[in-house]
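Quick note, the sequences are listed as chains A and B, same order. Per this note's numbering, the first sequence runs over residues 1 to 113. Per this note's numbering, the second sequence runs over residues 114 to 223. Glycine is no exception: its CB is placed at the ideal position from the N, C-alpha and C atoms. Here the structure is a predicted model, which is why all the values come from computation and not from measurement. Report on one structure; see the data block that follows.
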Amino acid sequence: EAQVTQNPRYLITVTGKKLTVTCSQNMNHEYMSWYRQDPGLGLRQIYYSMNVEVTDKGDVPEGYKVSRKEKRNFPLILESPSPNQTSLYFCASSHQGPRGEQYFGPGTRLTVT
Amino acid sequence: DAKTTQPPSMDCAEGRAANLPCNHSTISGNEYVYWYRQIHSQGPQYIIHGLKNNETNEMASLIITEDRKSSTLILPHATLRDTAVYYCIVPMDSSYKLIFGSGTRLLVRP
């Protein structure tokens, strides 16, 4: 089954404790992207990757890092999480970049205390 | 990004057609219009996209006006499971991003 998986689905952590949210897709898509969703602000793009070893900032990249060492995986790294990064995070992938049909993961709900 | 304007909320009766409008008056000549929806807090789901001709798939129909300044997503026989937030998106020519606005919250009533 074609899918995008994210782990963990739920995470509660403390300020400053490094964490990684994994994202994996099994569709051999070149384009992958991370979004965060906050009430009243909608979905905002954090980072995207057009292919392996190619990443670029989205609209809200501050406080996040990403890597794309293999086509299927696109982890989101929070080196020193802060409470303002409490949010719902979605990973997405597409065969044709942002203009193709994007497949979204189920989401990761992160709480930073 | 080309801006889109959607009504914040709409409702329709189950079994009836739901017609969701979107204005995108600054769209450029070769940009597609994309529609996604998000059910509760699940990941957004692609519905359909089009350039200038009307499009139909198993989920919905997309009607784009001749001047391409607006479009309408049609769910021909809405069900309770179609209750969701619907996003109309038009990316810029040179952008590698999709910007989701606030969308239209559709409530399908029994």
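In the structure shown, the three-state DSSP call for leucine 41/A is coil. With a contact defined as Cβ atoms closer than 8 Å, serine 174/B and asparagine 136/B miss out at about 18 Å. Glutamine 37/A sits away from phenylalanine 104/A, with the two beta carbons spaced by 8 Å or more. Neighbourhood of leucine 219/B in chain A, by CB distance below 7 Å: empty, with the nearest CB roughly 16 Å away. Counting other Cβ atoms within 10 Å of its Cβ, isoleucine 46/A reaches 16 or more and is therefore classed as buried. Chain-ordered listing is empty here: chain A has no CB closer than 9 Å to the CB of leucine 175/B, the nearest sitting near 14 Å.
Spatial neighbours of asparagine 132/B in its own chain (CB-CB distance under 7 Å, excluding positions within 5 residues in sequence) are listed in chain order as Thr185, Ile187. A distance below 6 Å between beta-carbons, with the five flanking residues on each side excluded, links threonine 22/A to the following residues of its chain, in chain order: Asn7, Pro75. Contact check for valine 146/B against valine 221/B fails: the beta carbons are separated by 8 Å or more. Taking a C-beta cut-off of 7 Å against chain B, the contacting residues of the stretch 80-113 of chain A are Leu88, Phe90, Gly97, Pro98, Arg99, Glu101, Gln102, Phe104, Gly105, Pro106, Gly107, listed in chain order. The DSSP assignment places complete beta strand (DSSP E) segments of no fewer than 3 residues inside the stretch 126-209 of chain B at 131-136, 146-151, 158-163, 174-177, 183-188, 197-202, in order along the chain. In the DSSP assignment, asparagine 7/A is bridged to Thr22/A. Taking the CA atoms as reference points, glutamate 127/B sits about 14 Å from alanine 197/B. By the CB criterion at 8 Å, tyrosine 31/A and glycine 97/A fall inside the cutoff. Listed along chain A, the residues sitting closer than 9 Å to proline 204/B by beta-carbon distance are Pro98, Arg99. Residue nearest to serine 82/A within the set Thr13/A, Ser94/A, Ser33/A is Thr13/A (criterion: CA-CA distance). The residue from Asp195/B, Thr217/B, Arg218/B, Leu164/B with its alpha-carbon nearest to that of alanine 130/B is Asp195/B. Sequence-distant partners of serine 122/B (beyond 5 residues in either direction) whose C-beta falls short of 8 Å from its own C-beta, in its chain, are Thr217, Arg218, Leu219, Leu220. A distance of 8 Å or more separates the beta carbons of leucine 78/A and arginine 109/A.
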